[in-house]
Amino acid sequence: MISVMLRVAADRVRSTWPAVGRVPVSRRRPATPVWPVMRRIFALSRPYRRELYTAIALSAVSTLALLGIPLGLRTLLDTVFSPGGVGSLDWMALALLGLFTVQVVTRFFAEYLMTTTGHHIVRDLRNDLYAHLHRLSLQYYSNESMGGILSRLTTDVKSLRNAITAPLAILTSNALKLVGSVALMVALNPNLSMLILLIIPPAIFATRKFGHRIRRLSHDEHEQLAEAAAVAEEGLAGIREVRAFARSGFEIQRHAAVVEKWFQVAHRRAFAASLLTSTNVFLFYTVLVAIFWYGGNEVLLGRLSAGELIAFIFFANNVSGSVEGLLSLYGVVSRVSGSSERLFEILDTPPEIESSPRAVDFPVEDHGGSAVRGHVLFDRVYFGYRSDRLVIQGITLEVQPGETIALVGPSGSGKSTLIKLIPRFYDTLGGAIYIDGHNIRDVWLQALRRQVAYVSQDVHLFSTTVRENIRYARDDALDEEVEVAARLAHAHDFIMDLPEGYNTQVGERGVKLSGGQKQRISIARALLSCAPVVVLDEATSALDSQTES
Numbered sequence: 005m006i007s008v009m010l011r012v013a014a015d016r017v018r019s020t021w022p023a024v025g026r027v028p029v030s031r032r033r034p035a036t037p038v039w040p041v042m043r044r045i046f047a048l049s050r051p052y053r054r055e056l057y058t059a060i061a062l063s064a065v066s067t068l069a070l071l072g073i074p075l076g077l078r079t080l081l082d083t084v085f086s087p088g089g090v091g092s093l094d095w096m097a098l099a100l101l102g103l104f105t106v107q108v109v110t111r112f113f114a115e116y117l118m119t120t121t122g123h124h125i126v127r128d129l130r131n132d133l134y135a136h137l138h139r140l141s142l143q144y145y146s147n148e149s150m151g152g153i154l155s156r157l158t159t160d161v162k163s164l165r166n167a168i169t170a171p172l173a174i175l176t177s178n179a180l181k182l183v184g185s186v187a188l189m190v191a192l193n194p195n196l197s198m199l200i201l202l203i204i205p206p207a208i209f210a211t212r213k214f215g216h217r218i219r220r221l222s223h224d225e226h227e228q229l230a231e232a233a234a235v236a237e238e239g240l241a242g243i244r245e246v247r248a249f250a251r252s253g254f255e256i257q258r259h260a261a262v263v264e265k266w267f268q269v270a271h272r273r274a275f276a277a278s279l280l281t282s283t284n285v286f287l288f289y290t291v292l293v294a295i296f297w298y299g300g301n302e303v304l305l306g307r308l309s310a311g312e313l314i315a316f317i318f319f320a321n322n323v324s325g326s327v328e329g330l331l332s333l334y335g336v337v338s339r340v341s342g343s344s345e346r347l348f349e350i351l352d353t354p355p356e357i358e359s360s361p362r363a364v365d366f367p368v369e370d371h372g373g374s375a376v377r378g379h380v381l382f383d384r385v386y387f388g389y390r391s392d393r394l395v396i397q398g399i400t401l402e403v404q405p406g407e408t409i410a411l412v413g414p415s416g417s418g419k420s421t422l423i424k425l426i427p428r429f430y431d432t433l434g435g436a437i438y439i440d441g442h443n444i445r446d447v448w449l450q451a452l453r454r455q456v457a458y459v460s461q462d463v464h465l466f467s468t469t470v471r472e473n474i475r476y477a478r479d480d481a482l483d484e485e486v487e488v489a490a491r492l493a494h495a496h497d498f499i500m501d502l503p504e505g506y507n508t509q510v511g512e513r514g515v516k517l518s519g520g521q522k523q524r525i526s527i528a529r530a531l532l533s534c535a536p537v538v539v540l541d542e543a544t545s546a547l548d549s550q551t552e553s
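In this text, residue positions in the sequence shown follow this note's numbering: the first is 5, and each later residue adds one.
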């Protein structure tokens, strides 16, 4: 095994590029048009087209049954007021009950299929999004806040379900209900039908007037919510520093200020959405009063039966509800497309570090183990976080198998940056790095990283047991191998002093352990991997001199 601590003269590297800061939420790209986003959303439902088509068909049957109910009520009322209609009344009541049953049952199964299909799509999208996040480079995480990323992975993905199921359900049922109701109204009384059609133009105008504003505010609302999550995550992750410097009041005020921005945006969106709904409802009730007045006069003049008036009112209600539902479709789409495009921003971000199409694996020995010996060569390597501001210029460094090399230099001189190039956390801008004569860009990325054990100066432990944290390097390792690695890292003794030994829970990010204990577990994890190249990035900074030696 070879240990690479990478020490070269400080004058060979320089740090002229400051740490990349996080991009504020407010600087993200503006919202894109609705329908391109919706086309991408519906593309996610392709694996479940059979379920969606079945739900649409059931929704159509439910709507047709709903259209038959006013006609049944008309016949039922006219039968009541006609002489000798007692026998027919029983059959009409049973027929009406049958229509209600069909409508309720088909609606239940349609909504159930729509909902479960939405859950399937959300599950797939959440898995795809999480997998894509693991393919993105470290540079991406330097530019994005973790709270914002988690907000997209949870809140935005959940809201996407409504973007798929709600439009389909609204469009299918309301379009069919609107067309059917208008056709039956015209058949009943053409003149009376003109009154209900009067609400459509002003309703469309009101929706277009408010729809764009609702969508823009919805997009801003999700952005502010993500920023609030980022501030909360940062404040809680650094709770020790917050307490140490008595800054709890500051963090509370900072979080409250961001939440207040979200509240103001959400308040304006809710006002616009409520105003739109109220306007359309007012238009409908105005027309409904006109129908009562005109239709009542028609009944009194004998040109319309009481049953036909009741049926007409039901159809008018259907038309109004359908128009309102179809117009609200734009509002629904506007609200969810704002969060959806935030998800697509991540999915559209290409991984900067990928395996080459011509990549190969390292050779293996006859018994199946790795044949990598650990010869590392930096050949005139150049690197910078931006191409116009280089951190590393023309470094040439060779490490022989079994050799230990250390990098020394002032903070910020590029030591950590240089060693992060070995496992391809970043790619060189010039030159090449070789392991056993293989250019690391020509090797499968996962194969390369299996040959490099990396111990960071910022140790990260998972919220599980000590044993599982060490075994993270090799999930097939035996308990005896875990213990051997811990002994080599001088961690076994303190582990046995823990309440449950190797089965002790370390807490969130290893909060229950000291800095030195976390470092030794991290070193044990690297040793367990049996990688031929070990990279230590100030991995003993929290250890006493004896343990470090």
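Even for Gly, the Cβ is constructed at its ideal location relative to N, Cα and C.
Fair warning: this is a prediction, and the values are worked out from it, not measured in the lab.
What did DSSP end up calling residue i once you bin it into helix, strand or coil?
{"i": "E55", "result": "helix"}
{"i": "D160", "result": "helix"}
{"i": "S417", "result": "coil"}
{"i": "H494", "result": "coil"}
{"i": "E402", "result": "strand"}
{"i": "T121", "result": "helix"}
{"i": "I174", "result": "helix"}
{"i": "L540", "result": "strand"}
{"i": "A535", "result": "coil"}
{"i": "D3", "result": "What is shown of the chain runs 5 to 553, which leaves residue 3 out entirely."}
{"i": "N193", "result": "coil"}
{"i": "T67", "result": "helix"}
{"i": "Y389", "result": "coil"}
{"i": "H442", "result": "strand"}
{"i": "V108", "result": "helix"}
{"i": "V463", "result": "coil"}
{"i": "Y458", "result": "strand"}
{"i": "I409", "result": "strand"}
{"i": "V246", "result": "helix"}
{"i": "I396", "result": "strand"}
In whole angstroms, what separates the C-alpha of residue i from that of residue j?
{"i": "L56", "j": "E512", "result": "42 angstroms"}
{"i": "W95", "j": "I208", "result": "42 angstroms"}
{"i": "F348", "j": "L129", "result": "10 angstroms"}
{"i": "H123", "j": "A114", "result": "14 angstroms"}
{"i": "L133", "j": "T158", "result": "10 angstroms"}
{"i": "R31", "j": "P194", "result": "Note on R31: pLDDT 42, under 50, position unreliable in the model; no value is reported."}
{"i": "S185", "j": "L292", "result": "15 angstroms"}
{"i": "A241", "j": "L482", "result": "33 angstroms"}
{"i": "F288", "j": "F318", "result": "13 angstroms"}
{"i": "G72", "j": "N322", "result": "12 angstroms"}
{"i": "A99", "j": "L137", "result": "57 angstroms"}
{"i": "D365", "j": "H442", "result": "10 angstroms"}
{"i": "P536", "j": "N131", "result": "33 angstroms"}
{"i": "I525", "j": "A493", "result": "7 angstroms"}
{"i": "L154", "j": "G76", "result": "53 angstroms"}
{"i": "P405", "j": "Q143", "result": "31 angstroms"}
{"i": "A97", "j": "L81", "result": "10 angstroms"}
With residue i as the anchor, note down where its beta strand (DSSP E) starts and where it stops.
{"i": "G434", "result": "G434 to I439"}
From which residue to which residue does the alpha helix (DSSP H) around residue i run?
{"i": "T281", "result": "S252 to L304"}
{"i": "A451", "result": "L449 to R454"}
{"i": "E472", "result": "V470 to R475"}
{"i": "Y145", "result": "L142 to N147"}
Just confirm the distance between the C-beta atoms of residue i and residue j, as a whole number of angstroms; I'd bet it's less than 8 angstroms.
{"i": "L192", "j": "G299", "result": "With 8 angstroms as the limit, L192 and G299 do not qualify as a contact, their Cβ atoms being about 10 angstroms apart."}
{"i": "N3", "j": "G329", "result": "Residue numbering for the chain in the displayed model covers 5 to 553; residue 3 lies beyond these limits and cannot be assessed."}
{"i": "Y386", "j": "G434", "result": "3 angstroms"}
{"i": "S533", "j": "A457", "result": "5 angstroms"}
{"i": "I444", "j": "V539", "result": "Not a contact, Cβ separation roughly 13 angstroms."}
{"i": "R273", "j": "E225", "result": "6 angstroms"}
So the candidates are the options; which of them puts its Cα closest to the Cα of residue i?
{"i": "I396", "options": "A310, G418, E407 and Q257", "result": "G418"}
{"i": "Q531", "options": "Q509, A490 and T508", "result": "Looking at the sequence shown, residue 531 is not Gln but Leu. For the residues Q509, A490 and T508, the minimum Cα distance to L531 belongs to A490."}
{"i": "K213", "options": "A277, E402, A363 and V403", "result": "A277"}
{"i": "L140", "options": "Y386, S467, R471 and F429", "result": "F429"}
{"i": "V470", "options": "A436, L482, Q461 and Q509", "result": "Q509"}
{"i": "F498", "options": "A375, L517, E485 and H226", "result": "L517"}
{"i": "L229", "options": "V106, A270, L199 and R251", "result": "A270"}
{"i": "E227", "options": "G151, F254 and E407", "result": "G151"}
{"i": "K265", "options": "I243, L305, L221 and R307", "result": "L221"}
Mind checking whether the beta-carbon of residue i lies closer than 7 angstroms to any heavy atom of the ligand HEM?
{"i": "R307", "result": "The model on display carries no ligand, and the ligand HEM is accordingly not part of it."}
With a threshold of 8 angstroms between beta-carbons, can residue i be considered close to chain B, or not?
{"i": "A320", "result": "Absent from the structure is chain B; it holds one protein chain and no more."}
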